[in-house]
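Visitor: Starting off with a structure, shown below.
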Amino acid sequence: MPLPDLNLLLALDVLIDECSVAAAARRMNLSAPAMSRTLGRVRVALGDPVLVRAGRGLAPTPRALELREQVRDVIEQAHRVFNAGREVDMATLERTFSVRANDVFIGSYGGRLREVFRQQAPRCMLRFVPEGDTDDDAMVQGRIDLYISTAGKHSPETKVQHLFTTSLLGAAREDHPLFDGDISAERFAACDHIAVSRRGLAHGPIDEELAVLGLQRRVAVVIPTFHGAIFAAADSDLVLPQMPSVMLDRITHMGLPLRMFPLPVPVRTVALVQAWHPRMDNDPAHQWLRRAIKVMCDSVEAARH
């Protein structure tokens, strides 16, 4: 019985991940026509269209979605077979690492991590994937290699490592009327606020703390990212509560006319972790990625203190 071309499995995995022939071609260092021909071979081998037209783009068929996790498992098993018992050479490795993270981590650490890649893994690509509106099975399905997020959001089998803890501050433009006197809970609550939520939520822990004091704030704007929120705060009378202190360096570097202040209500600190699927635990390149991120975060924290 002739063996199938295992390269087609790799192509299938990338095509399902990208849902784009052009994007898949870039990842596999092929021309778009060559990738299109490969898609044709995959379709013949599976007896399924794999990707079908959906509006202006492509969408995977039910059969392709059904095979996605199985295909990724086969690829990872093959990778382990060929790399068993040897160290990975990061200087020559060609691989794309997909890291899901929010804009706080990307903005504060993305440039530093890119420099680590440049020095230690120059032929690898770092691809940041934004957080979605809801949690999904991206790690289980192999669509992302690592998830950097707040602690406590992961399934029991997920491997988790602490990266750093950040405190939370309030922020407003430098000449905001809030700074004309002591920042009490009453004066804080009387301002119009920005809420940062990728899910579009207007209320959170601050509202609970204010309610204990018999106070209620007005959220005037909900913005999905912190970077969008800091620009909105710098150019309006809106107050941005719960600004991660880890972003202070970036705000100073950008020269934004923002002033920070301690919040007048108790707010917990936020711990960030990196999480990954157990099947990636012993992958040498993945181990390098986790170690590189941990060392980078530790060195930044040490410099701040």
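For the sequence shown, full-length UniProt numbering gives the first residue as 1, with consecutive numbering after it. Positions of the beta carbon are idealized from the N, C-alpha and C atoms, including for glycine.
1. Taking the CB atoms as reference points, tell me whether THR252 and ASP103 lie closer together than 8 angstroms.
2. Can you tell me where the beta strand (DSSP E) holding THR252 begins and where it ends?
3. Express the C-alpha separation of ASP182 and THR158 in angstroms, rounding to a whole number.
4. Put MET1 into one of helix, strand or coil per three-state DSSP.
5. Beta-carbon within less than 8 angstroms of SER20's beta-carbon, same chain only, minus the 5 sequence neighbours each way: which residues are those?
6. Given this structure, state the Cα-to-Cα distance separating PHE105 from VAL44, to the nearest angstrom.
7. Give, in chain order, every unbroken run of the alpha helix (DSSP H) that is at least 4 residues long and sits entirely within the region 173–255.
8. Using 8 angstroms as the cut-off, can you tell me whether the region 107–115 makes contact with the region 287–301, which would need three or more C-beta pairs spanning the two stretches below that distance?
9. Looking at the strands, I want to know which residues DSSP matches up with PHE128.
10. When you compare only the Cα positions, how much space is there between ARG63 and ASP175?
11. So ALA45 is in the alpha helix (DSSP H); what residue range does that whole segment cover?
12. With C-beta atoms as the reference, is GLN274 less than 8 angstroms away from GLN119?
13. Considering only the alpha carbon of each residue, which of LEU9, ALA271 and ILE16 lies closest to ARG143?
14. With respect to the alpha helix (DSSP H) encompassing HIS162, which residues constitute its N-terminal and C-terminal limits?
15. I need the boundaries of the beta strand (DSSP E) containing PRO284, first residue and last residue.
16. Using only alpha-carbon positions, find the residue among ARG72, HIS203 and VAL52 that is nearest to ALA11.
17. Using 8 angstroms as the threshold, is the C-beta distance between residue 306 and PRO284 below it?
18. Between the beta-carbon of LEU272 and the beta-carbon of LEU163, is there less than 8 angstroms?
Guide: The relevant details are as follows:
1. No; because the gap between Cβ atoms is not below 8 angstroms, this pair is not in contact.
2. Where THR252 is concerned, there is no enclosing beta strand (DSSP E), although the alpha helix (DSSP H) around it starts and stops at 248–254.
3. In this structure, the alpha-carbon of THR158 lies about 45 angstroms from that of ASP182.
4. Its pLDDT being 47, under 50, MET1 is placed unreliably by the model, and the measurement read from it follows with that caveat. Coil.
5. Around SER20: GLY57 and LEU58.
6. Rounded to whole angstroms, PHE105 to VAL44 spans 43 angstroms at the Cα level.
7. Segments of the alpha helix (DSSP H) lying fully in the region 173–255: 185–190, 205–212, 226–234 and 248–254.
8. Yes, they touch.
9. VAL99, per the DSSP bridge assignment.
10. Roughly 59 angstroms separates the two Cα atoms.
11. ALA45 -> alpha helix (DSSP H) spans 32–46.
12. No, Cβ-Cβ distance for GLN274 and GLN119 is not below 8 angstroms.
13. Considering only alpha carbons, the answer is ILE16.
14. Careful: HIS162 lies outside any alpha helix (DSSP H), inside the beta strand (DSSP E) at 159–166.
15. Counting along the chain, PRO284 falls outside any beta strand (DSSP E), though it belongs to the alpha helix (DSSP H) covering 284–304.
16. With distances taken between Cα atoms, ALA11 lies closest to ARG72.
17. Nothing about residue 306 can be reported from this structure: the residues present for the chain run from 1 to 305 only.
18. It is a contact, given that the beta carbons lie within the stated cut-off.
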